[in-house]
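Visitor: With the numbering used here, letter number 133 in the sequence shown gets 144, and the count goes up by one each step, no holes. We put the CB at the ideal spot given by N, CA and C, even for glycine. Fair warning: this is a prediction, and the values are worked out from it, not measured in the lab.
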Amino acid sequence: MSESRHILLLTDRDWTHPQGGGTGTNLYGQVSRWVAWGHRVTVIAGDYPGAAKVEHPHERLTIHRMGGRMTVFPRAAWASWRGIGRDADVVLEVVNGIAFFTPLWWWLRSTPRVTLVHHVHQQHYVAEMGRRGRLAALLAERVPLTLLYRHHPFLTISKSARDDLVRIGIPAEQIHVAYLGVEPDAFVEHERSETPHLLYLGRLKQYKRLEVLFDVLEGLPEAVLDVAGEGDHRPVLEAEIAERGLGDRVTLHGHVSEERKRELYAHTWVNLTASSAEGWCLTVMEAAAAGTPSAALAVGGLPESIVDGQTGVLAETPGELAHKVADLVHDDKRREAYGEAARARARGFTWDHTAEANLAVLERTAAAERPRLRDAIRNSETGAAAGPRGGRGGARRRWPTTSSSSSSPSSSPACSARTGTGRWRRSSPPS
Numbered sequence: 012m013s014e015s016r017h018i019l020l021l022t023d024r025d026w027t028h029p030q031g032g033g034t035g036t037n038l039y040g041q042v043s044r045w046v047a048w049g050h051r052v053t054v055i056a057g058d059y060p061g062a063a064k065v066e067h068p069h070e071r072l073t074i075h076r077m078g079g080r081m082t083v084f085p086r087a088a089w090a091s092w093r094g095i096g097r098d099a100d101v102v103l104e105v106v107n108g109i110a111f112f113t114p115l116w117w118w119l120r121s122t123p124r125v126t127l128v129h130h131v132h133q134q135h136y137v138a139e140m141g142r143r144g145r146l147a148a149l150l151a152e153r154v155p156l157t158l159l160y161r162h163h164p165f166l167t168i169s170k171s172a173r174d175d176l177v178r179i180g181i182p183a184e185q186i187h188v189a190y191l192g193v194e195p196d197a198f199v200e201h202e203r204s205e206t207p208h209l210l211y212l213g214r215l216k217q218y219k220r221l222e223v224l225f226d227v228l229e230g231l232p233e234a235v236l237d238v239a240g241e242g243d244h245r246p247v248l249e250a251e252i253a254e255r256g257l258g259d260r261v262t263l264h265g266h267v268s269e270e271r272k273r274e275l276y277a278h279t280w281v282n283l284t285a286s287s288a289e290g291w292c293l294t295v296m297e298a299a300a301a302g303t304p305s306a307a308l309a310v311g312g313l314p315e316s317i318v319d320g321q322t323g324v325l326a327e328t329p330g331e332l333a334h335k336v337a338d339l340v341h342d343d344k345r346r347e348a349y350g351e352a353a354r355a356r357a358r359g360f361t362w363d364h365t366a367e368a369n370l371a372v373l374e375r376t377a378a379a380e381r382p383r384l385r386d387a388i389r390n391s392e393t394g395a396a397a398g399p400r401g402g403r404g405g406a407r408r409r410w411p412t413t414s415s416s417s418s419s420p421s422s423s424p425a426c427s428a429r430t431g432t433g434r435w436r437r438s439s440p441p442s
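1) Kindly indicate which three-state DSSP category H132 falls into: helix, strand or coil?
2) Look up N107 in the DSSP assignment and say whether it is helix, strand or coil.
3) Where in the segment 269 to 339 do unbroken runs of the alpha helix (DSSP H), each at least 4 residues long, occur, reported from the N-terminal end onward?
4) Looking at W45 and the ligand NAD, is the gap between the Cβ and the nearest heavy atom below 7 Å?
5) Closest to G96 by C-alpha separation, out of S121, N107, M81, would be which residue?
6) Can you give me the start and stop residues for the alpha helix (DSSP H) that L38 sits inside?
7) Do A353 and V193 have their beta-carbon atoms positioned less than 8 Å apart in this structure?
8) Where does the unbroken beta strand (DSSP E) through R76 begin, and where does it stop?
9) Which residues in the same chain have their Cβ closer than 6 Å to the Cβ of V238, if we skip the five residues on either side of it in sequence?
10) Could you tell me the distance, in whole angstroms, from the CA atom of T376 to the CA atom of L158?
11) Just to confirm my understanding: we take E233, look at its own chain, exclude 5 residues before and 5 after, and list those with CB closer than 7 Å. What are they?
12) Quick check on G57: does DSSP put it in helix, strand or coil?
13) Can you grab the Cα-Cα spacing for the pair V372 / A148, in whole Å?
14) Consult DSSP for F225 and reduce its assignment to one of helix, strand or coil.
15) By DSSP, does G144 sit in helix, in strand, or in coil?
16) Does the beta-carbon distance from F360 to Y190 come in below 8 Å?
17) Just how far apart, CA to CA, sit G35 and H75?
18) First and last residue of the beta strand (DSSP E) that includes A63?
19) Starting from A239, trace the beta strand (DSSP E) in both directions and tell me its first and last residue.
20) Note down the Cα distance separating G302 from E351, rounded to an integer number of angstroms.
21) Flag this pair as yes or no: are the beta carbons of R346 and W280 separated by less than 8 Å?
22) Whole angstroms is fine: what's the gap from R16's alpha carbon to H132's?
23) Where DSSP assigns a beta bridge to F84, which residues make up the other side?
24) According to DSSP, which residues form a beta bridge with R51?
25) Contact between the segment 306 to 324 and the segment 274 to 291 is defined here as three or more beta-carbon pairs at a separation below 8 Å; is this criterion met?
26) Going by the beta-carbon positions, is the gap between E289 and G265 smaller than 8 Å?
Below, the structure is given as structure tokens:
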């Protein structure tokens with residue numbers, strides 16, 4: 012077993028947060044295993060109503076919650092400066108569209124850092140804020156990542172997300188890709204509903220474009236749509252449902268338990284998403300584990316999570332999506348074949364593999380010798396230009412790099428030496 016490490020995890024929302032979504036599921040899938048493998052994790056995350064300010068789900072895990080959607084960032088900096096996680100071996104910062112600006116936290120200047128980005132949020136900003144979103148994305152995400160983070164290791168969840176990071180200026184050799192896993196208990200058997208049931212599971216946000224799914228539903232008079240999840244776009248969706256007269260065909264379940272989520276996946280005929288951007292779309296693989304095919308627009312990492320014509324269908328336009336879903340609903344044999352293929356493929360994606368691959372990056376980064384600031388300046392191009400007194404003209408030292416190739420089950424099978432046994436159950440799993 013490798014040396015035990017202390018990881019400081021910074022995230023705007025942890026896996027118990029009602030808006031945890033795929034971020035929360037990803038963090039839980041990995042942190043639970045890191046702790047079971049003997050590592051210590053300190054989490055600083057955003058607060059939410061009813062949450063404990065400090066929680067100890069495991070003897071090697073402490074969660075500190077503070078601040079809201081925007082105030083968590085300065086609150087996290089203040090908490091760290093006051094001592095929380097100051098003895099960590101490595102910092103893992105989750106950037107969900109807004110950076111914590113940890114390279115400016117001078118009190119952690121000697122602590123190595125790794126950045127986890129599920130996907131670039133520029134399109135989300137534009138979808139939510141219009142023209143102002145471009146400026147917000149530039150200031151909150153692109154500029155800090157490009158100027159402050161680009162020489163540190165990055166973790167992401169798909170080749171598409173990696174390519175987006177490269178496009179905004181992150182060197183490809185700094186980015187490590189590891190696909191998300193599926194929990195073993197997600198593989199369930201249930202009888203399908205007798206009438207066509209469609210499902211959307213995720214946060215209710217404008218960029219998720221659930222209105223497109225209502226278009227799909229209107230093309231299938233015999234079908235109903237289950238929507239599981241919460242978000243600030245719910246009032247708009249409720250008004251849209253009423254205006255279209257879909258009240259008896261669309262059920263807004265709100266936040267659902269893990270057990271209820273598995274039941275919905277297993278009863279559903281086709282799992283849907285019309286999001287404008289996704290790094291991977293974890294719900295596609297969760298549905299696949301239940302033998303349910305998915306249909307989506309071919310954006311972001313969705314062409315990687317859905318094998319078009321084998322485990323589901325992809326479309327270029329909303330109209331094409333409606334047509335393909337209708338065809339799949341009316342073709343029992345093809346739908347069942349897609350579902351079985353999806354289940355078989357999902358078995359190759361494990362959280363053990365994801366946690367192992369990303370932990371390896373954290374361990375290598377923590378083990379690397381960090382040069383003193385003075386020496387780093389001397390070895391930089393700026394130091395070299397300053398002459399003999401300002402620098403030695405040596406090559407610039409960087410954090411260890413990782414391969415930009417995808418860490419997928421097909422190319423790098425999950426390690427079996429470590430198991431996820433002994434993990435705690437999350438008390439309020441995200442939808």
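Guide: Straight from the coordinates:
1) Mapped onto the sequence shown, residue 132 falls at position 121. DSSP places H132 in coil when its eight states are reduced to three.
2) Numbered from its first residue, the sequence shown carries residue 107 at position 96. Coil.
3) 269 to 278, 293 to 300, 313 to 316
4) Absent from the structure shown: the ligand NAD. Ligands present: none.
5) Here residue 96 corresponds to residue number 85 of the sequence shown, with the count starting at 1. The shortest C-alpha separation from G96 is found at S121.
6) Locating residue 38 in the sequence shown gives position 27, counting from the first residue. In the DSSP annotation of this structure, the continuous segment of the alpha helix (DSSP H) that includes L38 starts and ends at 32 to 47.
7) Residue 193 sits at position 182 when you count from the first residue of the sequence shown. Residue 353 sits at position 342 when you count from the first residue of the sequence shown. Result no, Cβ atoms of V193 and A353 do not sit closer than 8 Å.
8) By 1-based counting over the sequence shown, the position of residue 76 is 65. Annotation: the continuous beta strand (DSSP E) that includes R76 extends over 72 to 76.
9) Start at 1 with the first residue of the sequence shown, and residue 238 comes out as number 227. If we look at V238 and ignore the five residues flanking it on each side, its Cβ neighbours are Y211, L263.
10) Within the sequence shown, the letter at position 365 stands for residue 376. Within the sequence shown, the letter at position 147 stands for residue 158. Their Cα atoms are separated by approximately 20 Å.
11) Taking the first residue of the sequence shown as 1, we reach residue 233 at position 222. Excluding residues within five positions, the ones whose Cβ falls inside 7 Å are T206, P207.
12) On the sequence shown, position 46 is the one that residue 57 refers to. Coil at G57, not helix or strand.
13) Counting from 1 along the sequence shown, the entry for residue 372 is found at position 361. Counting from 1 along the sequence shown, the entry for residue 148 is found at position 137. Each residue's Cα considered, the two are about 27 Å apart.
14) Start at 1 with the first residue of the sequence shown, and residue 225 comes out as number 214. Helix at F225.
15) Locating residue 144 in the sequence shown gives position 133, where the first residue counts as 1. Three-state result, G144: helix.
16) By 1-based counting over the sequence shown, the position of residue 360 is 349. By 1-based counting over the sequence shown, the position of residue 190 is 179. A contact, by the Cβ cut-off of 8 Å.
17) Mapped onto the sequence shown, residue 35 falls at position 24. Mapped onto the sequence shown, residue 75 falls at position 64. C-alpha separation (whole angstroms): 15 Å.
18) As a working note, residue 63 is residue 52 in the sequence shown. Counting along the chain, A63 falls outside any beta strand (DSSP E), and DSSP gives it neither H nor E.
19) Position 228 of the sequence shown holds residue 239. From DSSP, the beta strand (DSSP E) with A239 extends over 235 to 239.
20) Here residue 302 refers to the residue found at position 291 when the sequence shown is read from its first residue. Here residue 351 refers to the residue found at position 340 when the sequence shown is read from its first residue. Distance between the alpha carbons of G302 and E351: 5 Å.
21) Within the sequence shown, the letter at position 335 stands for residue 346. Within the sequence shown, the letter at position 269 stands for residue 280. Yes, the Cβ-Cβ distance between R346 and W280 is below 8 Å.
22) Taking the first residue of the sequence shown as 1, we reach residue 16 at position 5. Taking the first residue of the sequence shown as 1, we reach residue 132 at position 121. CA-to-CA, the gap between R16 and H132 works out to about 31 Å.
23) As a position in the sequence shown, residue 84 is number 73, starting the count at 1. Partner(s): none; F84 has no beta bridge.
24) Working through the sequence shown from its first residue, we reach residue 51 at position 40. Note: R51 sits in a beta bridge opposite H17.
25) yes
26) The residue labelled residue 289 in the question sits at position 278 within the sequence shown. The residue labelled residue 265 in the question sits at position 254 within the sequence shown. Result no, Cβ atoms of E289 and G265 do not sit closer than 8 Å.
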